[in-house]
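Under the working numbering, the first residue of the sequence shown is numbered 2, with each subsequent residue one higher.
Don't be surprised by glycine CBs; every beta carbon is placed ideally from N, CA and C.
Here's the structure, in structure tokens; my notes come after.
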Amino acid sequence: MKNLKEKILFYKDKVDKYLSELFTSLQKSDLTESMKYSVLNGGKRLRPVLMLITCELLKVDTDRALPFACAIEIIHSSSLVHDDLPALDNDDLRRGKPSCHKKFGEAQAILCGDALLNLAYEIFANNIKCEQDVQCFKVLSEFSGQNGMLGGQFRDITCEKMQKYSLDDLVFIQNNKTAKLIAAPLCMASCLSGGQFYNQLLNFGLNLGVAFQIADDVLDAVGDERLGKTIGKDLDSGKLTDIKLYGLEKSRQRVKDFTQSAINYISQERQLDLLCEFAKELVDRVK
Ligand code: GRG
Numbered sequence: 002m003k004n005l006k007e008k009i010l011f012y013k014d015k016v017d018k019y020l021s022e023l024f025t026s027l028q029k030s031d032l033t034e035s036m037k038y039s040v041l042n043g044g045k046r047l048r049p050v051l052m053l054i055t056c057e058l059l060k061v062d063t064d065r066a067l068p069f070a071c072a073i074e075i076i077h078s079s080s081l082v083h084d085d086l087p088a089l090d091n092d093d094l095r096r097g098k099p100s101c102h103k104k105f106g107e108a109q110a111i112l113c114g115d116a117l118l119n120l121a122y123e124i125f126a127n128n129i130k131c132e133q134d135v136q137c138f139k140v141l142s143e144f145s146g147q148n149g150m151l152g153g154q155f156r157d158i159t160c161e162k163m164q165k166y167s168l169d170d171l172v173f174i175q176n177n178k179t180a181k182l183i184a185a186p187l188c189m190a191s192c193l194s195g196g197q198f199y200n201q202l203l204n205f206g207l208n209l210g211v212a213f214q215i216a217d218d219v220l221d222a223v224g225d226e227r228l229g230k231t232i233g234k235d236l237d238s239g240k241l242t243d244i245k246l247y248g249l250e251k252s253r254q255r256v257k258d259f260t261q262s263a264i265n266y267i268s269q270e271r272q273l274d275l276l277c278e279f280a281k282e283l284v285d286r287v288k
């Protein structure tokens with residue numbers, strides 16, 4: 002019987018192996034080199050690990066879920082490649098290394114992000130076997146699209162451009178840009194189980210995702226190198242962040258509050274206890 006830390010390492014290892022084999026199997030080219038560089042570069046693998054742990058708790062075969070879990074990580078990585086581009090966040094560093102456009106040039110980074118997105122959908126096309134898999138695919142495409150991560154990112158750049166900083170905008174950005182892709186793996190695991198605890202897992206994921214984004218804002222503001230990107234950039238750039246509206250101390254407290262709200266959605270279900278533990282581990286990022 003493994004404890005949480007052992008389970009995280011166990012599933013992270015499975016994800017890393019799957020991704021490494023996948024990129025080795027692609028036909029070698031300059032484009033696939035940049036795709037490989039952008040995925041196999043030391044990410045925490047939070048989203049796929051969250052999906053696989055949830056699958057285990059819901060008694061879903063984790064080998065069946067593994068390709069879908071890796072597809073989330075590939076979409077996440079594609080969003081980071083595009084996010085770092087000069088037209089968006091303009092960041093030279095990602096996961097502690099030169100960002101994709103710094104290493105390969107801007108035009109290639111645009112195509113690399115696109116190709117990664119396509120690859121994620123190809124994984125689904127090659128592995129969908131039943132209606133539950135189709136539901137799982139729908140969640141990922143919806144939560145990462147215009148009603149999810151992309152929509153959130155669009156509001157983010159619009160607010161920055163217009164210097165518009167309202168609470169409504171902040172809530173929209175936190176929920177869509179970041180929280181939808183943290184809720185996705187939980188909801189995808191639920192779909193594979195035939196829909197068990199779907200609403201509880203959705204609300205747990207959204208609240209945890211908001212806590213995670215605020216923690217990210219705090220780490221950016223206090224200059225923590227664990228972020229692996231340029232420190233203090235969000236605060237300097239006129240971006241709408243939690244710190245801008247609430248200040249550092251209140252934002253630290255809000256990380257705890259959102260984590261507790263997340264836990265409240267699932268704390269009645271003994272079967273999901275390990276996810277409460279997972280949520281507490283994640284808040285430790287900003288202690
Ligand atoms: C190409 C699909 C696609 C989308 C482009 C640019 C964009 C739209 C979305 C950006 C979304 C974004 C950067 C959200 C921030 C979320 C966040 C806190 C990321 C950091 O996640 P971690 O800490 O990173 O899990 P690692 O490196 O560990 O994977």
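Any idea which residues DSSP pairs residue i with across the strands?
| i | result |
| --- | --- |
| Lys98 | Arg95 |
So, for residue i: in the same chain, excluding its five sequence neighbours on each side, which residues have a beta-carbon less than 8 angstroms away from its beta-carbon?
| i | result |
| --- | --- |
| Gly233 | Asp221, Ala222, Gly224 |
| Phe144 | Met150, Lys181, Leu182, Ala184, Ala185, Cys188 |
| Lys15 | Leu53, Thr63, Leu67 |
| Gln197 | Leu59, Ser191 |
Let me check understanding here. Comparing Cα to Cα, which of the options lies closest to residue i?
| i | options | result |
| --- | --- | --- |
| Asp170 | Asp93, Gly152, Leu249, Ala185 | Gly152 |
| Tyr199 | Gln154, Cys277, Ile267 | Ile267 |
| Tyr38 | Tyr12, Leu89, Cys113, Asp258 | Cys113 |
| Val219 | Leu273, Arg286, Ile158, Gly196 | Arg286 |
| Leu202 | Asp274, Asp85, Ile158, Gln175 | Asp274 |
| Ser79 | Gly196, Tyr122, Arg65, Glu57 | Tyr122 |
| Gln269 | Leu120, Asp258, Phe205, Lys257 | Phe205 |
| Gln133 | Gln254, Gln272, Asp92, Arg65 | Arg65 |
| Leu10 | Lys29, Gln28, Arg46 | Arg46 |
| Ser26 | Cys56, His102, Leu120 | Leu120 |
| Asp235 | Cys56, Asn91, Ile264, Glu22 | Asn91 |
Considering only the beta carbon of each residue, do residue i and residue j sit closer than 8 angstroms?
| i | j | result |
| --- | --- | --- |
| Leu67 | Tyr19 | yes |
| Glu282 | Leu5 | yes |
| Ile75 | Leu117 | yes |
| Ser194 | Leu276 | no |
| Met189 | Phe69 | yes |
| Val50 | Lys13 | yes |
| Leu141 | Gly229 | no |
| His77 | Arg48 | yes |
| Ile124 | Cys71 | yes |
| Ala110 | Leu89 | no |
Please go through the same chain and pick out, in chain order, the residues whose beta-carbon is closer than 7 angstroms to the beta-carbon of residue i, but skip the five residues on each side of it.
| i | result |
| --- | --- |
| Leu246 | Tyr166, Leu168, Leu171 |
| Ser262 | Asn208 |
| Lys8 | Ile54 |
| Gln136 | Cys192 |
| Val61 | Ala190, Leu193, Ser194 |
| Cys56 | Thr63, Ala66, Ala190, Leu193 |
In chain order, what residues of the same chain have a beta carbon less than 6 angstroms from the beta carbon of residue i, not counting five sequence neighbours either side?
| i | result |
| --- | --- |
| Thr260 | Ala212, Ala280, Val284 |
| Phe173 | Arg156 |
| Gln175 | Val211, Gln214 |
contact_flag[the region 234 to 244, the region 102 to 120] where n(CB pairs < 8 angstroms) is 3 or more = Output reads no: the region 102 to 120 does not touch the region 234 to 244.
query = Taking contact to mean at least 3 C-beta pairs separated by less than 8 angstroms, is the region 86 to 101 in contact with the region 39 to 46?
reply = Between the region 86 to 101 and the region 39 to 46 there are three or more C-beta pairs closer than 8 angstroms, enough to call the two in contact.
query = Would you say the region 202 to 213 touches the region 174 to 188, given that touching needs at least three Cβ pairs under 8 angstroms?
reply = They touch, by the three-pair rule.
query = Between the region 150 to 166 and the region 19 to 37, do three or more beta carbon pairs fall short of 8 angstroms?
reply = No, because fewer than three Cβ pairs between the region 150 to 166 and the region 19 to 37 fall closer than 8 angstroms, the two stretches do not touch.
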